[in-house]
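S.K.: Position in the sequence shown (from 1) plus 338 gives the number in the numbering used here.
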Amino acid sequence: MKSPFTGKEMKLTKEKRTVSFRKKEIEYINLSYFCEQSQENFVSTELEELNIKQIHNKYRELNNIPFPEEIKKLRQQYGLSAAKMSELFGFGPNQYALYEGGDMPSISNAKSISLALDPLVFKKMIEENRAIIKEKEFKSILSKIHLEMSDETEFFIEDYLLGDNNPTSFTGYKTPSFDKLSNMTIFFAEHLKPHKTVLNKLLFYTDFGHYKNYASSVTGCRYAAIPFGPVPDKFNSLFDKMRNDCIIDVEYKEYPSGLLGEKFIPNSKFIFNESLFEKTELEVMEKVKEQFKGKSTKAVVEISHQETAWLENQEDKSLINYEHAFDLNLL
C-alpha cells in the first residue's frame, strides 16, 4: 500500500493488541502499513477484514461458537434450506443464512446450533418439529441422519489422526478435513511428485499461506516442528491411510547411504476434486506449487528453517500456532 503523503510503498507492521468485543477481551495480531514520514498507520480494506476476522475467530473459540463452515455443513448434510433451518431452530426467517455468511450468533443461538451438530440431537429436534416438515422430507432427513451415524467408525479414525475436530488457533480456525488434506496431497502428487519431506512443506506453506492472507487455513491440519522442518502432526499415519485407501501411491528409492526415499505419485482411482476448495484456496495452492517447483529437498528444508513457525517450536517439537503465519517469508 502506498503512503497518501509520499506515494511510496509503506512497510507492513505487526503488533499484538487487545480489544473489547462483546464484553470479552480479545488479543490478536494487528496488521497495518506504517508511513515513516507521517508516523501514522494505515489499513487497506483487505487488512481491515483480516484484523476483524482474527477477532471474530478468537471470540468464537473462547465461547464455543460454531464457525460459518460448520453451520453451513450442518444444513447441507441434511439437504435443508436455510429458511427451514431457521424455522427448526426458532430463529428469524433469514437468521440461519446470515450465520452461514459470517454473522455472529448470540451465545444462546450458538449453543443450540452446537448441540444440533450431534446427529442424535438433530434427530430429536426434527421429531419434535415434525408438524412443519413434509413426510417425504422427514424420511429423507432420517435416512441421512442414520447414514451420518453409520459412518462414525471412519470419522473416528480420521478424528484420531487429525486431532480434536474443533476449530482452534492450531487448526487455523478450520474444522480438520481429511478429504481436503487428501485432495491437497493429490494436487501436489499430480503436479510435482514430491518426496515426503518436500510434500510436508508444501502442505504447511499452503495452509499457513492461506491463513496469512485470509485468517483461516485450508485443511484445518495441525502442524508440528521437527528437525526437518514443519510437518502435519501424525504425518506418517495420515499418509499411510491415504495410501491404504488408494488415494495416492508411493514409489520407493534406495539411496547409496542406505536410506529409503518415498516419492508421492497419483493413484488412477482418485483425481483431484477441485470442488472441495474455495477460489482463494486454489490460488494459494498454485502459488506454492510454482514457488517450490524444481527445488531440491535440501533447499526446501533450508527455506522452512528460516520461518519463525519452525524456529520457535523446533526445540520442543511442539505444535505450531497459526499466528506464526503472519511472519512467513513466502506468500
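Think of the CB as a built atom: it goes at the ideal place given N, C-alpha and C, for glycine as much as any other residue.
1. With a CB to CB cut of under 8 Å and the five nearest residues on each side skipped, what residues in its chain are close to Y552?
2. Please report how far the alpha carbon of A527 lies from the alpha carbon of A563, in whole angstroms.
3. Per the DSSP calculation, A562 is bridged to which residue(s)?
4. Restricting to Cα atoms, I'd like to know which of I393, N504, D583, S520 is closest to T513.
5. Does the distance from the C-beta atom of L426 to that of L418 stay below 9 Å?
6. Helix, strand or coil, according to DSSP, for F405 in the structure here?
7. With three or more C-beta pairs closer than 8 Å as the rule, is the region 564–573 touching the region 615–629?
8. With a cut-off of 8 Å, do at least 3 Cβ pairs link the region 440–447 to the region 465–474?
9. Would L350 pass as a contact of S370 if the rule is Cβ separation under 9 Å?
10. Scan the region 345–431 and note each continuous alpha helix (DSSP H) run of 4 residues or more that stays entirely inside, going in chain order.
11. Quick one: measure Cβ to Cβ for D578 and R560, integer angstroms, because I've assumed they're closer than 8 Å.
12. Rounded to whole angstroms, what's the CA-CA distance from D497 to E408? Just pull it up for me.
13. Leaving out the 5 sequence neighbours to the left and right, which residues in its chain are closer than 7 Å to P431 when beta-carbon positions are compared?
14. G599 lies in the beta strand (DSSP E); which residues open and close that run?
15. When DSSP builds the beta bridges, which residues end up paired with D578?
16. Note down the Cα distance separating I445 from E386, rounded to an integer number of angstroms.
17. Which residue marks the beginning of the alpha helix (DSSP H) containing K474, and which one marks its end?
18. Is it buried or exposed, Q414, if we count other Cβ atoms within 10 angstroms and call 16 or more buried?
M.R.: So, from the data block:
1. Stepping through the sequence shown from its first residue, residue 552 is reached at position 214. Correct list, in chain order: L388, K391, T618.
2. Residue mapping note: residue 527 aligns to position 189 of the sequence shown, counting from 1. Residue mapping note: residue 563 aligns to position 225 of the sequence shown, counting from 1. Roughly 23 Å separates the two Cα atoms.
3. Residue 562 sits at position 224 when you count from the first residue of the sequence shown. Partner residues in the beta bridge of A562, as assigned by DSSP, are V569, L657.
4. Position 175 of the sequence shown holds residue 513. Residue N504 is the option with its Cα nearest to T513.
5. Position 88 of the sequence shown, counting from 1, holds the residue named residue 426. Position 80 of the sequence shown, counting from 1, holds the residue named residue 418. Taking 9 Å as the Cβ cut-off, L426 and L418 qualify as a contacting pair.
6. Counting from one through the sequence shown, the residue named residue 405 turns up at place 67. Three-state DSSP puts F405 in coil, outside helix and strand.
7. Touching, no.
8. The region 440–447, when compared against the region 465–474, does not touch it at the 8 Å Cβ threshold.
9. Counted from its first residue, the sequence shown places residue 350 at position 12. Counted from its first residue, the sequence shown places residue 370 at position 32. Yes, the pair counts as a contact, with Cβ atoms nearer than the cut-off.
10. The DSSP assignment places complete alpha helix (DSSP H) segments of no fewer than 4 residues inside the region 345–431 at 383–401, 406–415, 420–427, in order along the chain.
11. Within the sequence shown, the letter at position 240 stands for residue 578. Within the sequence shown, the letter at position 222 stands for residue 560. At roughly 17 Å, the Cβ-Cβ gap does not stay under 8 Å, so D578 and R560 are not in contact.
12. Here residue 497 corresponds to residue number 159 of the sequence shown, with the count starting at 1. Here residue 408 corresponds to residue number 70 of the sequence shown, with the count starting at 1. In this model, D497 and E408 are separated by some 15 Å (Cα to Cα).
13. Along the sequence shown, one-based indexing puts residue 431 at 93. For P431, where only same-chain residues beyond five positions count, the Cβ hits under 7 Å are A421, S424.
14. Stepping through the sequence shown from its first residue, residue 599 is reached at position 261. Segment 598–604, the beta strand (DSSP E) holding G599.
15. By one-based count along the sequence shown, residue 578 stands at place 240. The bridge partners DSSP lists for D578 come to none.
16. In the sequence shown, counting from the first residue as 1, residue 445 sits at position 107. In the sequence shown, counting from the first residue as 1, residue 386 sits at position 48. Our two residues, I445 and E386, have alpha carbons roughly 25 Å apart in a direct line.
17. Counting from one through the sequence shown, the residue named residue 474 turns up at place 136. That run of the alpha helix (DSSP H) goes 473–488.
18. Against the sequence shown, residue 414 aligns to sequence position 76. Exposed, by the Cβ-count rule.
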